[in-house]
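Asks: Quick one: the structure is below, questions incoming.
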Amino acid sequence: MATRRALVRLAEARLRAQGVEDPRLEAELLLGAALGVRRLDLHLDPEAAVPPEAAVAFEASVERRLRGEPLQYVLGETEFRELRLRVDRRVLIPRPETEVLVEEVLRWAAGRRDPAALDVGTGSGAIALSLAREGRFRRIVATDVSAAALEVARENAERLGLADRVEFREGPLFEPVRGERFDVVVSNPPYISEAERPFLPREVREWEPAVALFAGEEGLAVLAALVREAPLHLEEGGLLALEVGLGQAAEVVRRLEAAGRYGPPRVVRDLAGRDRVVLAPLAALAEDGAESQHVGHRA
Ligand code: GLN
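Just so it is clear: in the sequence shown, position 63 is 99 by the working numbering, and no numbers are missing.
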């Protein structure tokens with residue numbers, strides 16, 4: 037039987053040859069998963085023999101990774117803020133940038149009394165479940181256009197003991213919440229342009245769900261719809277909180293201003309220093325029936 041150390045070395049070399057950026061780390065994570073031990077515990081006994089079943093499982097997961105499948109799908113889980121979330125091909129892998137979006141929503145919510153939140157396009161449930169775990173919300177609704185994604189989100193809610201805190205509903209944009217208003221509407225929508233598609237890393241392009249990634253010619257289709265329709269689903273003074281793609285913040289700010297319904301937008305950078313989150317409060321309604329005008333504008 038091969039030792040832990042020997043198996044990690046071998047897998048590390050194969051992953052490196054394939055261009056994997058951090059092959060040692062990934063080899064250790066995969067072996068830890070196959071053995072059911074934490075990565076750091078591997079080092080306690082590097083000379084321990086790996087039982088055959090675990091070696092077979094490890095080999096299978098290394099093969100998947102070598103074929104280009106994202107590490108998180110092979111592991112079947114990822115970390116997002118305080119949560120360990122199940123992920124597979126049905127959902128986008130939650131990204132660290134999105135943790136910043138959640139942070140901003142939590143900060144805003146901390147100043148209110150038990151607000152109600154809506155997460156549009158919840159995917160794995162990362163945003164909605166983090167709000168449920170870390171914040172104090174009266175009510176959290178999470179939607180997705182993909183029924184398959186919602187299965188994953190529901191499973192995550194169950195496993196995390198948050199199923200009674202988040203209500204999941206299927207449908208595009210605001211369709212599942214027709215006639216309802218929230219104190220905060222948050223979304224990390226698809227925002228990649230068709231033009232960028234060929235330049236995406238293969239891992240993303242070939243493995244993550246297209247419906248979670250792409251939004252028309254400029255990548256702005258869903259963001260624009262959210263800006264346009266959110267006033268019908270926000271309470272006065274409520275917050276619209278959006279994650280945006282590289283180079284899109286200025287255009288989203290422009291659209292928020294042009295909508296004439298929002299207070300001054302604020303842009304927040306991600307940990308890499310890129311404009312990533314755009315926030316705007318719904319302004320109080322004027323007395324002149326501005327809202328009915330707006331309803332008329334809806335596409
Ligand atoms: N809300 C989920 C996330 O942030 C999914 C986003 C998406 O599918 N575009 O990870």
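Note that the Cβ used here is the ideal one computed from N, Cα and C, for glycine as well.
Given the structure is predicted, the values throughout are model-derived calculations rather than measurements.
Among the candidates Y109, V220 and V136, whose CA atom is the shortest distance from the CA of G147?
Replies: V220
Asks: Is it the case that the segment 251-261 contacts the segment 304-312, given that we only count it when at least three CB pairs across the two stretches are under 8 Å?
Replies: no
Asks: Grab the span of the beta strand (DSSP E) containing A319 for me, first residue to last.
Replies: Premise fails: A319 is in no beta strand (DSSP E) and is neither H nor E.
Asks: Specify the secondary structure class of L111 as computed by DSSP and reduced to three states.
Replies: helix
Asks: Distance, Cα to Cα, E327 vs A295?
Replies: Because the pLDDT at E327 is just 48, under 50, the model does not fix this residue reliably, and the value given afterwards should be weighed accordingly. Distance between the alpha carbons of E327 and A295 is about 11 Å.
Asks: Can you check which of these residues, P245, L102 and G215, is closest to E57 by C-alpha distance?
Replies: L102
Asks: Could you check how far apart the C-beta atoms of E279 and N224 are, in whole angstroms? I think they sit under 8 Å.
Replies: 4 Å
Asks: Please tell me whether P130 and S97 are closer than 8 Å, where the distance is taken between their beta carbons.
Replies: For P130 and S97, no; Cβs fall outside 8 Å.
Asks: Tell me the rounded alpha-carbon separation between D3 and E105.
Replies: Any property of residue 3 remains undetermined from this structure, which presents the chain solely from 37 to 335.
Asks: Buried or exposed, going by whether 16 or more other CB atoms sit within 10 Å of the CB of D180?
Replies: Counting Cβ neighbours within 10 Å, D180 comes out buried, since at least 16 surround it.
Asks: Who are the Cβ neighbours of E239 in its own chain at under 7 Å, not counting the five residues just before and after it?
Replies: G104 and P106
Asks: When the Cα of G112 is compared with those of P300, G72, A42 and R169, which residue comes out closest?
Replies: G72
Asks: Just the C-alpha distance for G299 and A251, rounded to the nearest angstrom, thanks.
Replies: 26 Å
Asks: Relative to the C-alpha of P82, which residue among R45, Q108 and E118 is closest?
Replies: R45
Asks: Would you call the CB atoms of P208 and G274 closer than 8 Å?
Replies: no
Asks: Closer than 6 Å from C-beta to any heavy atom of the ligand GLN: which residues, in chain order?
Replies: L128, P130, T134, G157, T158, G159, S160, A162, I163, N224, P225, P226 and A248
Asks: Pair every Cβ in the segment 184-202 with every Cβ in the segment 110-124, then say whether three or more of these pairs are closer than 8 Å.
Replies: yes
Asks: What's the call for P212, buried or exposed, on a 16-neighbour Cβ count within 10 Å?
Replies: buried
Asks: Please report the residue range of the beta strand (DSSP E) in which G274 lies.
Replies: L270 to E279
Asks: Under a three-way DSSP split, which group does E140 fall into?
Replies: Helix, per DSSP.
Asks: How should E244 be labelled, buried or exposed, when 16 other C-beta atoms within 10 angstroms of its C-beta is the threshold for buried?
Replies: buried
Asks: With a cut-off of 8 Å on the beta carbons, I'd call L78 and E64 a contact; round off their distance for me.
Replies: 6 Å
Asks: Return the bridge partner residues of I228 from the DSSP annotation.
Replies: Paired residue(s): F250.
Asks: According to DSSP, is V181 part of a helix, a strand, or is it coil?
Replies: coil
Asks: Is the distance from the Cβ of L128 to the Cβ of V313 below 8 Å?
Replies: No. Outside cutoff.
Asks: Bridge partners of V366, per DSSP?
Replies: The structure shown does not extend to residue 366, since the chain spans only 37 to 335, so no value can be given for it.
Asks: From which residue to which residue does the beta strand (DSSP E) around E206 run?
Replies: Note, E206: beta strand (DSSP E), V202 to E206.
Asks: By alpha-carbon positions, which one of I163, A285 and V202 ends up nearest to L142?
Replies: Nearest of I163, A285 and V202 to L142, Cα basis: I163.
Asks: Do you know offhand how far E230's Cα is from R214's?
Replies: Each residue's Cα considered, the two are about 29 Å apart.
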